[in-house]
Ligand code: ITT
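In the UniProt record's numbering, the protein residues as written are 13 to 210.
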């Protein structure tokens, strides 16, 4: 059976294909490029779970296939949880990872080390064409540092160091990141549900 991966973020696509392969989800994953008629979904939800479900339902309805979506972001304690669900467009233009990271660095520049706590959050959603839905969450706690390091991953990875690590998530290998990440945790929790329902 086939399952549509309802994201256009290339960083997510690479990680999700690996996470689902490692979890031995027994379905064929097809990308949105197979459905050029499906446009972007307005992310009008107030939570990661709401937005992940909006994306999964829109793609399931339009493709006629089960769909999975990821909504994720970085929640910074000193910024009252922002950028959170606004992480992809924090500096204004959707998906400008470099500008988003630079703005965030400027916003935390005078926050002392002991108040640099943050977490990545991910909601993993599955929607069926019938309207049935499931969602699972994952988080990765750590700190925001004051200068970028590392070339792996995407988004805010160069300025985030997980608890118990000295490297940023952009300095971890893909395998190392997936083993601990918000996305790895959320989709490993969803994997048995995908296997059951799809
Ligand atoms: P889709 O909606 O097409 O999936 P998107 O990039 O718009 O793609 P989101 O609205 O979920 O997705 O935004 C996620 C943002 O959060 C992303 O642009 C990054 O800035 C940040 N982010 C999420 N997971 C991350 C990770 O593992 N490492 C670094 N940054 C991450």
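We put the CB at the ideal spot given by N, CA and C, even for glycine. What you are looking at is a predicted structure, and each value in this text was computed from that prediction instead of being measured.
The Cβ atoms of residue 199 and residue 135 lie no closer than 8 Å to each other. Taking 3 residues as the minimum length, the beta strand (DSSP E) runs contained wholly in the stretch 138-169 are 145-156, in order along the chain.
Shortest Cα-Cα distance from residue 158 to any of 33, 170, 152 and 148 involves 170. Leaving aside the five residues that flank residue 146 on each side, the residues in its chain whose CB is nearer than 6 Å to its CB run, in chain order, 138 and 205. Distance from residue 85 to residue 95 at the Cβ level is roughly 6 Å; contact confirmed, criterion being Cβ atoms closer than 8 Å.
Boundaries of the beta strand (DSSP E) around residue 173: 172-174. For residue 95, DSSP records a beta bridge to 87. In the DSSP annotation of this structure, the continuous segment of the alpha helix (DSSP H) that includes residue 196 starts and ends at 194-209.
Out of 190, 183, 148 and 182, the CA that lies nearest to the CA of residue 65 is found in 148.
Residue burial is scored here from C-beta neighbours: residue 132 has at least 16 other C-beta atoms within 10 angstroms and is therefore classed as buried. Distance from the CA of residue 22 to the CA of residue 98, rounded to the nearest whole angstrom, comes to 18 Å. Collapsing the DSSP output to three states places residue 20 in coil.
Taking all protein chains in view, the Cβ of residue 105 is surrounded by fewer than 16 other Cβ atoms within 10 Å, so the residue is classified as exposed. Taken through DSSP and simplified to helix, strand or coil, residue 58 comes out as coil. Ranked by Cα distance from residue 155, the options 91, 34, 112 and 80 are led by 91. In chain order, the residues positioned with their C-beta nearer than 5 Å to some heavy atom of ligand 1 are 19, 20, 21, 83, 84, 85, 99, 100, 167, 168 and 169. With a cut-off of 8 Å on Cβ pairs, the stretch 47-58 is not in contact with the stretch 112-123, counting fewer than three such pairs.
By the criterion of a C-beta distance shorter than 6 Å, residue 168 is surrounded in its chain by 86 and 113, once the five residues flanking it on both sides are discounted. Burial is judged here by how many other beta carbons sit within 10 angstroms of a residue's own beta carbon; residue 203 has at least 16 and is buried. Between residue 152 and residue 193, the C-beta gap is smaller than 8 Å, which places the two residues in contact.
The three-state secondary structure of residue 179, taken from DSSP, is coil.
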